[in-house]
Amino acid sequence: MRPTLFSIGDFSVSSFYFVVFICVIVGNFLTWWEIRRNKLDLVMATKGAVITTTMGYLGARAMHIVFDGFLDIYIQKPLAIFAVWKGGLAFYGTVIFGLPTAVWWFTKHKAPLMKYLDCYVLGLAFGLGLGRSACYLNGCCFGEISASPFAETFLRYGLSAKNQFARDILLNLKELPLPVLPTQLVSTFVTSSIFLVLWFYFRKHKKKDGELLGLWLTMYGTFRFIIEFFRADDRGLFFNNLLSTSQLVAIITFTIGVLILVLPSEETLKEKNNDRTVQDSI
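Taking this note's numbering, the leading residue of the sequence shown gets 828, the next gets one more, and so forth.
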């Protein structure tokens, strides 16, 4: 855990946002690489990436503020909403705001939507894989208290310590918090593995446009639903604390992913329409 990467006088660089910056740069580079490889419109895709990335970031911040269990704090201290250097992003906000923005952008330009989204999702998958390491450095998104040999003890006054203090597990914040499961590292490993499988296998063997997007939505949705049961950080709970906000979103993204995989592609629908047109003209 290293919330601050380095400091020069009063100026400090957040480890969290440094990693997020790398995710955005490399993620967009991978997207542009795929755009060029598929001989798509690079200029239109670049403009779309800027708009989508911006909306995704705003969505991630908004989801954190509203659904991660800190809304009362932000209402009491509204200026804290703008203290983005302290962290506070909910990844699913990126999907909820960013994906519809991308759909709107490419639909507006009458572009082959699923071809572009397959390129975009590779950058997104990379960013999520590396981005979870930012959560580890920041000390957020931690797991439940555990006696496992893999459990880790985070810093005094850190987020896990504050969580345990609020639950009356610690007497004060000067104490070291009890060891917790490093769910951030598990997430980093699994989500990075999903990216590698998509990049090195499925992008070269996909059977239809939209397949990469559908696979990512189903695989990540499944993993996210499971890992949430092992997390202890405040992130919004529903149905008598049975499900978290992220689990509800995971159910939706999984369902959308399955529909994308099983429904006919845009090209298949066009071919059927063309066949009908030919038959009608005979």
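The beta-carbon is built from N, C-alpha and C at its ideal position, and this holds for glycine as well.
Predicted, not measured: the structure shown is a model, and the values here were computed from it.
| message | Assuming contact is defined by CB atoms lying nearer than 9 Å, are Arg959 and Ala917 in contact in what I supplied? | response | As a first step, residue 959 must be located in the sequence shown, where it is residue number 132. As a first step, residue 917 must be located in the sequence shown, where it is residue number 90. With respect to the 9 Å criterion, Arg959 and Ala917 are not classified as neighbours on the basis of their beta carbons.
| task | Let me know the secondary structure DSSP gives Phe981 once reduced to three states. | result | Here residue 981 is taken as the residue at index 154 of the sequence shown, counted from 1. The answer is coil: DSSP assigns Phe981 none of H, G, I, E or B.
| task | Could you tell me which of Thr880, Glu1055, Leu1040 and Gly896 sits nearest to Ile1087, measuring between CA atoms? | result | Here residue 1087 refers to the residue found at position 260 when the sequence shown is read from its first residue. Distances from the CA of Ile1087 to each of Thr880, Glu1055, Leu1040 and Gly896 were compared; the closest alpha carbon is that of Leu1040.
| Just checking, does the stretch 1077–1091 make contact with the stretch 1031–1047 on the three C-beta pairs under 8 Å criterion? | In short, these stretches touch, since the Cβ pair count reaches three.
| query | Any idea what DSSP makes of Ile835, helix, strand or coil? | reply | As a first step, residue 835 is located in the sequence shown; it is residue number 8 there, counting from the start. Here Ile835 sits in strand by DSSP.
| query | Under the three-state reduction of DSSP, which class applies to Ile1021: helix, strand or coil? | reply | To locate residue 1021, count along the sequence shown from 1; it is residue 194. Of the three classes helix, strand and coil, the one that applies to Ile1021 here is helix, per DSSP.
| message | Let me check one thing: in DSSP terms, what residues is Leu1070 bridge-paired to? | response | Taking the first residue of the sequence shown as 1, we reach residue 1070 at position 243. Within the DSSP secondary-structure output, Leu1070 pairs in a beta bridge with Phe1065.
| In terms of residue numbering, what span does the alpha helix (DSSP H) encompassing Lys989 cover? | As a working mapping, residue 989 is identified with position 162 in the sequence shown. First-last of the alpha helix (DSSP H) with Lys989: Leu986 to Ala993.
| Alpha-carbon spacing of Ala974 relative to Pro1009, whole angstroms | Indexing the sequence shown from 1 puts residue 974 at position 147. Indexing the sequence shown from 1 puts residue 1009 at position 182. Cα-Cα distance, rounded: 12 Å.
| Helix, strand or coil: how does DSSP classify Ile972 here? | The residue labelled residue 972 in the question sits at position 145 within the sequence shown. Looking at Ile972 - three-state DSSP - the assignment turns out to be strand.
| task | Pick out the complete beta strand (DSSP E) segments inside the stretch 842–922, 3 residues or longer, and give them in chain order. | result | Listed in chain order, there is nothing to give.
| So what does Arg1058 bridge to, in DSSP terms? | Within the sequence shown, residue 1058 is the residue found at index 231, counting from 1. Gly970.
| said: Rounded to the nearest angstrom, what separates Lys866 and Leu949 at their Cα positions? | reply: Here residue 866 refers to the residue found at position 39 when the sequence shown is read from its first residue. Here residue 949 refers to the residue found at position 122 when the sequence shown is read from its first residue. Taking the straight line from one Cα to the other gives about 16 Å.
| field | Cα-Cα separation between Leu1116 and Lys1035, rounded to whole angstroms | value | The structure shown does not extend to residue 1116, since the chain spans only 828 to 1109, so no value can be given for it.
| said: Which residue wins for smallest C-alpha separation from Val846, given the options Phe953, Asp1061 and Glu1055? | reply: Here residue 846 is taken as the residue at index 19 of the sequence shown, counted from 1. Checking every option, the nearest Cα to that of Val846 belongs to Phe953.
| task | Can you have a look at Gly836 and say buried or exposed, based on whether 16 or more other CB atoms are within 10 angstroms of its CB? | result | The residue given as residue 836 occupies position 9 in the sequence shown. Answer is exposed; the Cβ neighbour count stays below 16.
| Contacts around Thr880, its chain only, beta-carbon distance under 8 Å, and the 5 residues preceding and following it disregarded | Here the question's residue 880 lines up with position 53 in the sequence shown. For Thr880, where only same-chain residues beyond five positions count, the Cβ hits under 8 Å are Val851, Asn855 and Gly925.
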